[in-house]
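S.K.: Residue numbers (UniProt numbering), protein chains in the order written: chain U, 1 to 311; chain P, 1 to 434.
Provided herewith is a single structure, encoded as structure tokens, for subsequent inquiry.
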Amino acid sequence: MPLKRKDLLGLYIISGAEIKEILDTSEAMKEIFTRSVKKIPTLRGKTIVNLFFEPSTRTKSSFDLAAKRLSADVMSISKSTSSVMKGETLLDTAKTLEVMGADVVVIRHSIPGAAEFLANNIRASVLNAGDGAHAHPTQALLDLYTIREKKGKIKGLKVLIIGDIAHSRVARSNIWGLLKMGAEVRVAGPATLLPLEIEKMGVKRYTDLDKALEGIDVINILRIQLERQARGLFPSINEYRHFYGINQERINNDDILVMHPGPMNRGVEIESAVADGNSSVITEQVTNGVAVRMALLYLLVGRNNEDEKIV
Amino acid sequence: MKKLFKNAFIIDPSNDLAGKYDLLLDADKIVAIKKEINQEGCMIIDLKGKILLPGLIDMHTHLREPGFEEKETIKTGCEAAAAGGFTTIACMPNTNPVADNQATIEYIKARAKEAVVNVIPIGSITKGSSGKELAEIGFLSEAGVKAISDDGNPVMNSEIMRRAMEYASSFSLPVISHCEDKNLAGDGVMHEGYYSTILGLKGIPAAAEEVMIARDIILAEMTGAHLHIAHLSTARGVELLRDAKKRGLKITAEVTPHHLLLTDQKVKGYNPDTKVNPPLRSDRDRKALCKGLKDGIINVIATDHAPHTYEDKLGEYDLASFGISGLETALSLLYDNFIDKNVFTWEELLDFMAYGPAEILGIKHGGLKKGSTADITVFDPDISWKVSKEKMKSRGKNTPFANNVLQGRVVLTVVKGNIVYNNMNGEARILYDN
Ligand SMILES: [Zn+2]
Numbered sequence: 001m002p003l004k005r006k007d008l009l010g011l012y013i014i015s016g017a018e019i020k021e022i023l024d025t026s027e028a029m030k031e032i033f034t035r036s037v038k039k040i041p042t043l044r045g046k047t048i049v050n051l052f053f054e055p056s057t058r059t060k061s062s063f064d065l066a067a068k069r070l071s072a073d074v075m076s077i078s079k080s081t082s083s084v085m086k087g088e089t090l091l092d093t094a095k096t097l098e099v100m101g102a103d104v105v106v107i108r109h110s111i112p113g114a115a116e117f118l119a120n121n122i123r124a125s126v127l128n129a130g131d132g133a134h135a136h137p138t139q140a141l142l143d144l145y146t147i148r149e150k151k152g153k154i155k156g157l158k159v160l161i162i163g164d165i166a167h168s169r170v171a172r173s174n175i176w177g178l179l180k181m182g183a184e185v186r187v188a189g190p191a192t193l194l195p196l197e198i199e200k201m202g203v204k205r206y207t208d209l210d211k212a213l214e215g216i217d218v219i220n221i222l223r224i225q226l227e228r229q230a231r232g233l234f235p236s237i238n239e240y241r242h243f244y245g246i247n248q249e250r251i252n253n254d255d256i257l258v259m260h261p262g263p264m265n266r267g268v269e270i271e272s273a274v275a276d277g278n279s280s281v282i283t284e285q286v287t288n289g290v291a292v293r294m295a296l297l298y299l300l301v302g303r304n305n306e307d308e309k310i311v
Numbered sequence: 001m002k003k004l005f006k007n008a009f010i011i012d013p014s015n016d017l018a019g020k021y022d023l024l025l026d027a028d029k030i031v032a033i034k035k036e037i038n039q040e041g042c043m044i045i046d047l048k049g050k051i052l053l054p055g056l057i058d059m060h061t062h063l064r065e066p067g068f069e070e071k072e073t074i075k076t077g078c079e080a081a082a083a084g085g086f087t088t089i090a091c092m093p094n095t096n097p098v099a100d101n102q103a104t105i106e107y108i109k110a111r112a113k114e115a116v117v118n119v120i121p122i123g124s125i126t127k128g129s130s131g132k133e134l135a136e137i138g139f140l141s142e143a144g145v146k147a148i149s150d151d152g153n154p155v156m157n158s159e160i161m162r163r164a165m166e167y168a169s170s171f172s173l174p175v176i177s178h179c180e181d182k183n184l185a186g187d188g189v190m191h192e193g194y195y196s197t198i199l200g201l202k203g204i205p206a207a208a209e210e211v212m213i214a215r216d217i218i219l220a221e222m223t224g225a226h227l228h229i230a231h232l233s234t235a236r237g238v239e240l241l242r243d244a245k246k247r248g249l250k251i252t253a254e255v256t257p258h259h260l261l262l263t264d265q266k267v268k269g270y271n272p273d274t275k276v277n278p279p280l281r282s283d284r285d286r287k288a289l290c291k292g293l294k295d296g297i298i299n300v301i302a303t304d305h306a307p308h309t310y311e312d313k314l315g316e317y318d319l320a321s322f323g324i325s326g327l328e329t330a331l332s333l334l335y336d337n338f339i340d341k342n343v344f345t346w347e348e349l350l351d352f353m354a355y356g357p358a359e360i361l362g363i364k365h366g367g368l369k370k371g372s373t374a375d376i377t378v379f380d381p382d383i384s385w386k387v388s389k390e391k392m393k394s395r396g397k398n399t400p401f402a403n404n405v406l407q408g409r410v411v412l413t414v415v416k417g418n419i420v421y422n423n424m425n426g427e428a429r430i431l432y433d434n
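Next up, the structure:
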């Protein structure tokens, strides 16, 4: 069953059933990793373009690897957003990709809505690999996948997302995905990093970390951009660590799944003992990221050839 | 040749008109309004089923000339105004050069002579609208400006704003304030609230506008100046004004059609045509603005016509320019949403769009009576039409109402006795010599 949509722009528009479909497909993809030949011919002859307007080695290599394991032709275009002064640049790029016959365009951009703009102007499927503070659906899906893999379910779990929610696309996509899968979602952080009316999304909002931690099953720790301090959003790194840093003392319970989308500021938002501890699944998130991205590429291209099967 | 308008439904509360009349023009003057006029040798225009109004005034437009002619010129902006039923428009000084000097005002006036509707220039408050030093407000007044404003930018320095108000009072010029605390607004691109949160776009809080309204009210009270608040957009702003008016201060305010009709929810989908400053606010704000108008707290509806090129409004939301091209859709939007639905009467609308702005700008609007200058708008409530970017007269095709089907449309605009816009047979023609 291919996805019923041309693009994957965010988890806000996608149903719980579709998310389940993606996670199930990811499971089949992950199984391929255990084979001696970690490559299948499913997307042979298809062209996947990685269009990165914002540097991200991790996400980009994850997509590269995913596409290659499916035997697709991969092309990477990197542009700095600072050189993008007007929308026509993105539109021109879209037209070029169209001519080159791209089947899927994976886009990373620093401006919210850029993926949607591209999707509206191109016939190829668009996979949002992060657009500003708006959405990062593949990261959220790999987080959901990891939770389901480790906890056996998502429904009914209490998940806490901690840190800079205001500027985080990871937080937003996680919130939509977790809620659609039936989890209880809490967000915590300094009030200056919690966006206005976030409760309307259906989450509980905390500025007191210890209260937020009560009874949780999963904690997703977001990276703190150190430049937020310069913009007056919190007074010092020291103070942030004291009130919102996750250390062993705060979560001395091995049942709490510890996640972080990376890259980490060790000793700031997360103490090394936690990052490397027993309940941390941070490295597995990276592995699962490849499986989830393989699943999505397959499902998006699959909309054109429904009869092709994995295996 | 004399023009005789037959069978129109004429509405003009200031001259006690609300009914079927004939109206006769000779050159630029109205010479008779009677139940029935029959005269030989006239151009006869049958307006059966149509509504004839005193010419509308938009006191807040951006005509972009000089300096940004690719966005609009005085000529094209006035064509858009005529197509929207406006016979007089005031233009903001944020041109290049800024209209902070007599020469630029003279240039605008010269260009406006060739245009189809009346243009009233507004001068800047500070040199270069940079908020640092007062412009030569007295000379601007002598050159003919009817108000001063740094619109597009706030006057952030309270001391400068105080002096501007004090100084402008001696020339009886209203100070039109673009109320926005730049620090609070930051690099926001839409209203800060639920929708900015889920869309991941940077927000402009309502407070950015409200703290400046509060400051300006305090300064207006201190100086006794006439303060006019441009494009009011928040519920708290309406309350601040309600309070100020209760205390008898000389404060007026305007609201735009888009703030009366749209909310931040419209930004979903990231259409840059919804990007405007101040931003589209919450539904609670929108409702408070409608009520503020009804209660008389807000005096005027102005379009804040802000035309931009196709490229300015293309692509990523953050990079697009702020502004909506508003002249051509205003009256139909207001008719369709308010008059046709019995929210406002035509009489109220004429206060908001003709008599209110005339009074604030200190210009005479004789309305529809014998001896008055013939500035007239004719509206056909039976036409329904689809807003089409391609067909807009303005160079700026940036409207969030594109493809909306609206009820009612301007069919005739008459300026100083000349028919400058004729849409009686659906051709929507601008006429330069008649
Ligand atoms: Zn303004």
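The beta carbon of each residue, even a glycine, is placed where N, CA and C say it ideally should be.
Since this is a predicted model, take the numbers as computed values, not measurements.
If you draw a straight line from the alpha carbon of Glu306/U to that of Leu3/U, how long is it in whole angstroms?
M.R.: Locating residue 306/U in the first sequence gives position 306, where the first residue counts as 1. Locating residue 3/U in the first sequence gives position 3, where the first residue counts as 1. Only weak support is given to the placement of Glu306/U: the predicted model assigns it a pLDDT of 47, under 50, and the value that follows is read from those uncertain coordinates. In a straight line, the C-alpha of Glu306/U is about 10 Å away from that of Leu3/U.
S.K.: Hey, quick one: how far does the alpha helix (DSSP H) through Ala320/P stretch, first residue to last?
M.R.: Along the second sequence, read from residue 1 onward, the residue named residue 320/P stands at position 320. Element bounds for Ala320/P: n/a, residue is neither H nor E.
S.K.: In the DSSP output, what is His305/P paired with across the bridge?
M.R.: Taking the first residue of the second sequence as position 1, residue 305/P is located at position 305. In DSSP, His305/P forms a bridge with Thr61/P, Ile324/P.
S.K.: Any chance you could list the beta strand (DSSP E) runs of at least 3 consecutive residues sitting entirely within the stretch 22-65 of chain U, in chain order?
M.R.: 47-52
S.K.: Determine the contact status of Leu118/U and Leu90/U, defining contact as a CB-CB distance below 8 Å.
M.R.: The residue you call residue 118/U lines up with position 118 of the first sequence. The residue you call residue 90/U lines up with position 90 of the first sequence. Their beta carbons are under 8 Å apart, which means Leu118/U touches Leu90/U by this criterion.
S.K.: Extract the residue ranges of the alpha helix (DSSP H) inside the stretch 175-222 of chain P, only unbroken runs of 4 or more that lie entirely within it.
M.R.: Fully enclosed alpha helix (DSSP H) runs of 4 or longer: 182-185, 194-199.
S.K.: Where do the ends of the beta strand (DSSP E) carrying Pro381/P lie?
M.R.: Numbered from its first residue, the second sequence carries residue 381/P at position 381. Where Pro381/P is concerned, the enclosing beta strand (DSSP E) stretches over 376-386.
S.K.: With a CB to CB cut of under 7 Å and the five nearest residues on each side skipped, what residues in its chain are close to residue 510/P?
M.R.: For residue 510/P there is no data in the structure shown, the boundaries of chain P being 1 and 434.
S.K.: I'd like to know whether the C-beta atoms of Ala171/U and Leu222/U end up nearer to each other than 8 Å.
M.R.: Residue 171/U sits at position 171 when you count from the first residue of the first sequence. Residue 222/U sits at position 222 when you count from the first residue of the first sequence. In this structure, Leu222/U lies closer than 8 Å to Ala171/U by Cβ.
S.K.: Determine which residues share a DSSP beta bridge with Pro195/U and list them.
M.R.: For the purposes of this step, residue 195/U is taken as the residue at position 195 of the first sequence. In DSSP, Pro195/U forms no bridge with anything.
S.K.: Would you decide whether Met1/P is buried or exposed? Buried here means 16 or more other CB atoms lie within 10 Å of its CB.
M.R.: The residue you call residue 1/P lines up with position 1 of the second sequence. The residue is exposed, with fewer than 16 neighbouring Cβ atoms inside 10 Å.
S.K.: Is it buried or exposed, Thr87/P, if we count other Cβ atoms within 10 angstroms and call 16 or more buried?
M.R.: The residue you call residue 87/P lines up with position 87 of the second sequence. Buried.
S.K.: Cβ closer than 7 Å: which chain U residues qualify as neighbours of Leu201/P?
M.R.: Mapped onto the second sequence, residue 201/P falls at position 201. The answer, in chain order, is Pro112.
S.K.: Among Ala8/P, Cys91/P, Ser14/P, Ile217/P, whose alpha-carbon lies nearest the alpha-carbon of residue 497/P?
M.R.: Chain P is shown only over 1 to 434; residue 497/P falls outside these bounds and no answer can be derived.
S.K.: Looking at the secondary structure, which residues open and close the alpha helix (DSSP H) in which Thr138/U lies?
M.R.: For the purposes of this step, residue 138/U is taken as the residue at position 138 of the first sequence. Segment 137-151, the alpha helix (DSSP H) holding Thr138/U.
S.K.: Counting only the same chain and skipping the five closest in sequence on each side, list residues whose C-beta sits under 7 Å from that of Asn422/P.
M.R.: As a working mapping, residue 422/P is identified with position 422 in the second sequence. Counting only Cβ-Cβ distances below 7 Å, and skipping sequence neighbours, we find Leu412, Arg429, Leu431.
S.K.: With distances taken from CA atoms, which of Leu47/P, Asp28/P, Ile108/P is nearest Ser62/P?
M.R.: Counted from its first residue, the second sequence places residue 62/P at position 62. The question names Ser, but residue 62/P in the sequence shown is His. Comparing C-alpha distances from His62/P to each of Leu47/P, Asp28/P, Ile108/P shows the shortest one belongs to Ile108/P.
S.K.: Verify whether the separation of the beta carbon atoms of Glu258/U and Gly277/U is less than 8 Å.
M.R.: Taking the first sequence and counting its residues from 1, one reaches residue 258/U at position 258. Taking the first sequence and counting its residues from 1, one reaches residue 277/U at position 277. What sits at residue 258/U in the sequence shown is Val, not Glu. Yes, the Cβ-Cβ distance between Val258/U and Gly277/U is below 8 Å.
S.K.: For Gly356/P, count neighbouring Cβ atoms within 10 angstroms of its own Cβ and tell me buried if that reaches 16, exposed if not.
M.R.: Taking the first residue of the second sequence as 1, we reach residue 356/P at position 356. Buried: at least 16 other Cβ atoms inside 10 Å.
S.K.: For chain P, check one thing: does any of its Cβ atoms lie closer than 8 Å to the Cβ of Lys198/U?
M.R.: The residue labelled residue 198/U in the question sits at position 198 within the first sequence. It is Ile, not Lys, that sits at residue 198/U in the sequence shown. It does; some Cβ of chain P falls within 8 Å.
S.K.: Any residues in the stretch 45-58 of chain U with a beta carbon nearer than 7 Å to a beta carbon of chain P? Which ones, in chain order?
M.R.: none
S.K.: Taking C-alpha atoms, which residue in Asn277/P, Ser130/P, Leu289/P, Val267/P lies nearest to Leu240/P?
M.R.: As a position in the second sequence, residue 240/P is number 240, starting the count at 1. If we check each option's Cα against that of Leu240/P, Leu289/P comes out closest.
S.K.: Taking Cβ-Cβ distances shorter than 9 Å, what residues in chain P pair up with Arg186/U?
M.R.: Within the first sequence, residue 186/U is the residue found at index 186, counting from 1. What Arg186/U touches in chain P: nothing, since even the nearest Cβ is about 16 Å away.
S.K.: Under 6 Å Cβ to Cβ from Pro97/P, same chain only, skipping five residues before and after it: list those, please.
M.R.: The residue labelled residue 97/P in the question sits at position 97 within the second sequence. Contacts found: Thr104.
S.K.: Since Gly132/U meets chain P, which of its residues come closer than 8 Å, beta carbon to beta carbon?
M.R.: Stepping through the first sequence from its first residue, residue 132/U is reached at position 132. Those within 8 Å of Gly132/U in chain P are Gly200, Leu201, Asp318.
S.K.: Can Ala80/P be considered in contact with ligand 1, in the sense that its beta carbon sits closer than 7 Å to one or more heavy atoms?
M.R.: Locating residue 80/P in the second sequence gives position 80, where the first residue counts as 1. Every heavy atom of ligand 1 is 7 Å or more from the Cβ of Ala80/P, so no.
S.K.: Taking DSSP as the reference, what is the three-state secondary structure of Leu261/P?
M.R.: As a position in the second sequence, residue 261/P is number 261, starting the count at 1. Note: Leu261/P maps to helix in three-state DSSP.
S.K.: For a contact meaning CB atoms closer than 7 Å, what does Phe117/U contact in chain P?
M.R.: Counted from its first residue, the first sequence places residue 117/U at position 117. Within chain P, the residues near Phe117/U are Tyr270, Gly315, Glu316.
S.K.: Here's the rule I'm using: 16 or more other beta-carbon atoms within 10 Å means buried, otherwise exposed. How should Arg247/P be labelled?
M.R.: The residue you call residue 247/P lines up with position 247 of the second sequence. Flag for Arg247/P reads exposed.
S.K.: For Pro112/U, which of Val99/U, Ala135/U, Val106/U has the nearest alpha-carbon?
M.R.: Here residue 112/U corresponds to residue number 112 of the first sequence, with the count starting at 1. Considering only alpha carbons, the answer is Ala135/U.
S.K.: Helix, strand or coil: which one does DSSP assign to Thr87/P?
M.R.: Taking the second sequence and counting its residues from 1, one reaches residue 87/P at position 87. Thr87/P falls in the strand class under three-state DSSP.
S.K.: Please work out which residues of its chain come closer than 6 Å, Cβ to Cβ, to Phe344/P, disregarding the five sequence neighbours upstream and downstream, and give them in chain order.
M.R.: Residue mapping note: residue 344/P aligns to position 344 of the second sequence, counting from 1. If we look at Phe344/P and ignore the five residues flanking it on each side, its Cβ neighbours are Phe338.
S.K.: Could you give the first and the last residue of the continuous alpha helix (DSSP H) run that contains Thr287/U?
M.R.: If you number the first sequence from 1, residue 287/U lands on position 287. Unbroken alpha helix (DSSP H) run through Thr287/U: 282-301.
S.K.: Who are the neighbours of Ala140/U on chain P, taking C-beta pairs under 9 Å?
M.R.: Here residue 140/U refers to the residue found at position 140 of the first sequence. In chain order: nothing, as chain P lies at least about 13 Å away.
S.K.: So, is the C-beta of Thr197/P closer than 8 Å to a C-beta in chain U?
M.R.: Against the second sequence, residue 197/P aligns to sequence position 197. Yes, Thr197/P counts as interfacial toward chain U.
S.K.: Quick check: Lys3/P and Cys42/P, are their CB atoms within less than 8 Å of each other?
M.R.: Within the second sequence, numbered from 1, the residue matching residue 3/P stands at position 3. Within the second sequence, numbered from 1, the residue matching residue 42/P stands at position 42. A contact, by the Cβ cut-off of 8 Å.
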